[in-house]
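Enquirer: Right, I'll just put the structure down here and ask away after.
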Ligand SMILES: C[S@@+](CC[C@H](N)C(=O)[O-])C[C@H]1O[C@@H](n2cnc3c(N)ncnc32)[C@H](O)[C@@H]1O
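Numbering (UniProt numbering), first residue to last: 1 to 252.
Laid out in structure tokens, this is it:
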């Protein structure tokens, strides 16, 4: 599969002509989104048009670096979360799986791209530490730059008390080498990771404490160290993906 072909599987579907009878009806208000208007606006300040970013910004940066460096592995294929559906996922972790009951905790994104889940998580919960691990340098650099926008646009709105103790850590590294064993919530947008990579990530994940939540997309963690606790669908930049919520268990 060529480099450009590898992204085809997660390209958003081509839009057809809008049907006026379908677009005339407003969708019913979503109470969670109504309650997150401020966070949605702040996320847009970090990643939206206000910063000059298009919807495909991360994907273009990833493609350019892979082409320039001659990286052909399909496991580097880019795709990303949408803030609204990511917020629904975090709400489910909180409401149904006992996560984020109190302030604090460590959130880790395994292959963090331009950092949307990192700053999304920071907007949705007062974590102690947010860690992003990304092997492509140009994507990692966007995470670092986004920190300045966080300081300029988000901190003054959320306030010192909410943001001052939150530590961000961006690692330009291979997630099979970096240490992420102190995570409370691991997010892995793993649709393009192959089976061998999932086996390696699952072996490394055994270092996580029992009870740690591991969220993956399309592919599940492998082996008895992880129990599947819920499966759902989540809209991402390329369309719907199956999301697996798993827990690290004592068993092995
Ligand atoms: C599908 S993207 C997800 C981006 C982000 N987590 C999100 O959901 O918005 C997967 C990311 O994992 C990165 N990646 C793949 N293999 C990696 C590795 N071995 N170490 C670190 N990052 C890796 C890719 O470069 C890509 O940016």
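Heads up, the beta-carbon is just placed ideally off N, CA and C, and yes, glycines get one too.
To the nearest angstrom, report how far apart residue 132 and residue 183 are at their CA atoms.
Expert: C-alpha separation (whole angstroms): 11 Å.
Enquirer: Compare the Cα-Cα distances from residue 251 to each of 226, 241 and 238 and report the closest residue.
Expert: Checked all of 226, 241 and 238; the closest Cα to residue 251 is 226.
Enquirer: So, does the CB of residue 192 fall closer than 8 Å to a CB anywhere in chain D?
Expert: You won't find chain D in this structure, because it holds only one protein chain.
Enquirer: Find out if the Cβ-Cβ distance for the pair residue 186, residue 61 is shorter than 8 Å.
Expert: In this structure, residue 61 does not lie closer than 8 Å to residue 186 by Cβ.
Enquirer: Roughly how many whole angstroms lie between the Cα atoms of residue 94 and residue 233?
Expert: C-alpha separation (whole angstroms): 17 Å.
Enquirer: What are the boundary residues of the alpha helix (DSSP H) that residue 41 is part of?
Expert: Run containing residue 41: 37-47, per the alpha helix (DSSP H) assignment.
Enquirer: Helix or strand or just coil, what does DSSP make of residue 243?
Expert: It is a strand residue.
Enquirer: Please name the residue in 236, 130, 53 and 155 whose C-alpha comes closest to that of residue 164.
Expert: Of the listed residues, the one whose Cα sits closest to residue 164 is 155.
Enquirer: Buried or exposed: where does residue 253 fall if 16 or more other Cβ atoms within 10 Å of its Cβ makes it buried?
Expert: This structure does not reach residue 253, given that the chain is present from 1 up to 252, and the question cannot be answered.
Enquirer: Taking all protein chains shown into account, do 16 or more other C-beta atoms lie within 10 angstroms of the C-beta of residue 246, making it buried, or fewer, making it exposed?
Expert: Burial call: buried.
Enquirer: With a Cβ-Cβ cutoff of 8 Å, do residue 86 and residue 58 count as a contact?
Expert: For residue 86 and residue 58, no; Cβs fall outside 8 Å.
Enquirer: Cβ atoms of residue 204 and residue 176: under 8 Å apart, would you say?
Expert: Yes. Within cutoff.
Enquirer: From the DSSP secondary-structure annotation, give me the bridge partner or partners of residue 107.
Expert: Paired residues: 130 and 185.
Enquirer: Tell me where the alpha helix (DSSP H) around residue 161 begins and ends.
Expert: First-last of the alpha helix (DSSP H) with residue 161: 160-163.
Enquirer: With a cut-off of 8 Å, do at least 3 Cβ pairs link the region 37-48 to the region 136-150?
Expert: They touch, by the three-pair rule.
Enquirer: So, are the CB atoms of residue 172 and residue 145 less than 8 Å apart?
Expert: For residue 172 and residue 145, no; Cβs fall outside 8 Å.
Enquirer: Could you give the C-beta distance for residue 189 and residue 81, rounded to a whole number, given that I count them as a contact under 8 Å?
Expert: Between residue 81 and residue 189 the Cβ distance is about 7 Å, and since that is below 8 Å, they are a contact.
Enquirer: In its own chain, which residues sit with a C-beta less than 7 Å from the C-beta of residue 36, not counting the 5 before and 5 after it?
Expert: Contacts found: 87.
Enquirer: Starting from the Cα of residue 105, find the closest Cα among 221, 236, 213 and 235 and give me that residue.
Expert: Closest option to residue 105, Cα to Cα, is 213.
Enquirer: The beta strand (DSSP E) with residue 217 in it runs from where to where?
Expert: Note, residue 217: beta strand (DSSP E), 213-217.
Enquirer: In the DSSP assignment, find the beta strand (DSSP E) that holds residue 166 and state where it starts and stops.
Expert: Here residue 166 belongs to no beta strand (DSSP E), and DSSP marks it neither H nor E.
Enquirer: Where does residue 103 land, buried or exposed, given buried means 16+ other C-beta within 10 angstroms?
Expert: The residue is exposed, with fewer than 16 neighbouring Cβ atoms inside 10 Å.
Enquirer: Please report the distance separating the alpha-carbon of residue 211 from that of residue 249.
Expert: C-alpha separation (whole angstroms): 6 Å.
Enquirer: In terms of alpha-carbon separation, which member of 194, 99 and 42 lies closest to residue 159?
Expert: Looking at the Cα atoms, 42 is the closest of the given residues.
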